[in-house]
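**Student:**
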Amino acid sequence: MGFITQAFRIGPKLIGYKLAKVKLAKAPMPINFTFSITHACQSLCKTCNIGLVHRKHPEKVKNELKIDEIEKVFRSIGKNKVYFFNISGGEPFLRPDIDKIIELAIKYLRPAIIHTPTNALTPALIEKKVRKIMEIIEKESPQTHFTIKPSYDAVGKKHDVIRGVEGNWEKLMDTITRLKEVRKDHPNLYVGIGTVISNFSIVHLKETVEFSKTLGVDSYISEVAEQRAEMTNVTDPITPSWKKYEEAIEFFKNESRQQMKSKPLLSRVTLSMRLVYYDLCIQILKQKTQVIPCYGGISNAHMNAYGDMWPCAILAYSKNMGNVRDFDYDFKKIWNKNVKTKEIRKYIHDKKCHCPLANQTYSNILLDPKSLLKSIKNMIFG
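Counting in this note's numbering, the sequence shown runs from 5 upward without gaps.
1. Provide the residue(s) that pair with Y224 in DSSP beta bridges, ordered along the chain.
2. Using a beta-carbon distance below 8 Å, is P191 in contact with chain C?
3. Indicate the three-state DSSP secondary structure (helix, strand or coil) for T122 in the structure shown.
4. Using 8 Å as the threshold, is the C-beta distance between V221 and E259 below it?
5. Assuming P127 is part of the alpha helix (DSSP H), what are its boundary residues?
6. For S80 and G196, I'd like the C-alpha separation in whole angstroms.
7. Assuming F78 and L113 are in contact, meaning their beta carbons sit under 8 Å apart, how far apart are those beta carbons, in whole angstroms?
8. Please classify D189 as buried or exposed, where buried requires at least 16 neighbouring CB atoms within 10 angstroms.
9. Go through its chain and collect everything with a Cβ distance to I105's Cβ below 8 Å, but skip five positions before and after it.
10. Buried or exposed: H306, going by 16 or more other Cβ atoms within 10 Å of its Cβ?
11. Looking at the secondary structure, which residues open and close the alpha helix (DSSP H) in which S322 lies?
12. Alpha carbon to alpha carbon, what distance is there between K132 and K27?
13. Can you check which of these residues, N368, T274, C357, is closest to I302 by C-alpha distance?
14. Is D330 helix, strand or coil when you go by DSSP?
15. Would you mind reading off the limits of the alpha helix (DSSP H) that contains F256?
16. Quick check: what's the CA-CA separation for F7 versus E95?
17. In whole angstroms, what separates the C-alpha of K290 from that of W246?
18. Rounded to whole angstroms, what's the CA-CA distance from T274 to S216? Just pull it up for me.
19. Quick check on E68: buried or exposed, where buried means 16 or more other Cβ atoms within 10 Å of its Cβ?
20. Grab the span of the alpha helix (DSSP H) containing S367 for me, first residue to last.
21. Just how far apart, CA to CA, sit P244 and N308?
22. Excluding the 5 residues flanking I117 on each side, which residues of the same chain have their C-beta closer than 6 Å to its C-beta?
23. In angstroms with no decimal places, state the Cα-to-Cα distance between I19 and A317.
24. Along the beta strand (DSSP E) that carries S40, what are the first and last residues, could you check?
25. Report yes or no: do the segment 46–62 and the segment 265–284 share at least 3 C-beta pairs separated by less than 8 Å?
26. Measuring straight from C-alpha to C-alpha, what distance separates K50 and A29?
27. Grab me the residues of H208's own chain with a C-beta within less than 8 Å of its C-beta, minus the 5 sequence neighbours each way, in chain order.
28. Just to confirm my understanding: we take T365, look at its own chain, exclude 5 residues before and 5 after, and list those with CB closer than 7 Å. What are they?
29. Looking at C-alpha atoms only, which residue of Y299, A31, E211, P315 is the closest neighbour of D372?
30. Take M5 and list the residues in its own chain whose beta-carbon comes closer than 6 Å to its own, dropping the five residues that flank it on each side.
31. What residue does the alpha helix (DSSP H) around F89 start on, and which one ends it?
32. Assign N192 to one of three DSSP states: helix, strand, or coil.
33. For G304, which beta-bridge partners are listed by DSSP?
34. Output needed for V86: all residues of its chain with C-beta closer than 6 Å, excluding positions within five of it in sequence on either side, in chain order.
Following this line, the structure appears as structure tokens:
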């Protein structure tokens, strides 16, 4: 199946999510499944405290899900249910069996797209693992696309300051160069970069966007810095005001429209939805409410490294639906047979939370007719 053909498998599930939202049907398996495979991280980012927590408590990685436990969870979800499998961290490449986890995802989930970010601090290791991952994909599921997004928050030393690691910039450039070499041999590999727009990076955004044009990547996207329970940063002043964000993102939006004209299909789809996301993000920051219905815990699920199942990374520990170890590693038991899951869905449905989480907003756009039409228009007309 090609990318377009696979996209048609989304349609029927959207109807199911809408019915589940109003309690007329059980929620189908999530279209978007995020798995934070480790909480280990070498970075000390100004916008995230996961690396700091890891330095204080490195022993916690011993409690992370083992590969046989992960296999049971994936098997319980089933094939062709998850469209977008998002790997997260921590730093995903610090987990030695990341390639094995992806192999299991392909075997049991068969997603159309697999995505991972990286802090780019281990260029040689990242190159080695990505080559292995691409070999697995091409052998087991050649229609699956793999996207990797090194973090890119500023240019030169300013990047190092935000990321909290001296020399990160040089390693980022090395990682991008290596990944582009891997891409020559593996056309299903998409190399992107991503900027977190925070109170620390926003003042340099124009320079950051301009320099991105020299990097030769497939896509360049941004997300606004968020206070997430997952990142233990809920009291940190990292999110810019809606007005500052609106002013900064306009330049970024114009650049995205220009890029879209020459990008491959997958990148155009991503960029077109991102343009809608940017506008929604402004309104969410401004109005401080859900501006389109949120399907967190219905269309999307997030499992952390210890097996906790969340509706999203924002609510995270505060709205834990259950741990897979307590449900015989059966995702369906948590998803459709757990009272706590129903309570959390009601919490979200009643708009007791709001956020500009890009991962969830993608799904919300697909489920909101007006936003979806805007995205299609962006893809066709730029």
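We treat Cβ as the ideally placed atom computed from N, Cα and C, and that holds for glycine. Keep in mind it's a predicted model, so treat the numbers as computed, not measured.
**Tutor:** Quick look at the numbers:
1. For Y224, which the question treats as bridged, DSSP gives the partners I197.
2. Reference to chain C is not applicable here, since this structure consists of a single protein chain.
3. strand
4. no
5. 127–144
6. Between the C-alpha atoms of S80 and G196 there is a straight-line separation of about 31 Å.
7. 6 Å
8. exposed
9. F39, I41, I71, I74, I91, R99
10. The residue in question, H306, is buried, as its Cβ has 16 or more Cβ neighbours within 10 Å.
11. Where S322 is concerned, there is no enclosing alpha helix (DSSP H), given that its DSSP letter is neither H nor E.
12. Approximately 46 Å between the Cα atoms of the pair.
13. N368
14. helix
15. 246–264
16. Low confidence applies here, because F7 scores a pLDDT of 48, under 50, leaving its location unreliable and the question unanswered by this model.
17. 5 Å
18. 17 Å
19. buried
20. Element bounds for S367: 362–370.
21. 27 Å
22. F88, H149
23. Between I19 and A317, the alpha-carbon positions lie close to 24 Å from each other.
24. 36–40
25. no
26. Pairing K50 with A29, the inter-Cα distance amounts to about 42 Å.
27. A158, V159, K162
28. Y281, L284
29. Y299
30. In this prediction, M5 scores a pLDDT of 46, lower than 50, which makes its location untrustworthy; the coordinate-derived value is nonetheless stated afterwards. Counting only Cβ-Cβ distances below 6 Å, and skipping sequence neighbours, we find Q147.
31. That residue, F89, is in no alpha helix (DSSP H); its beta strand (DSSP E) goes 88–92.
32. coil
33. What sits at residue 304 in the sequence shown is Asn, not Gly. Bridge partners of N304: N36, G300.
34. If we look at V86 and ignore the five residues flanking it on each side, its Cβ neighbours are F37, L113, P115.
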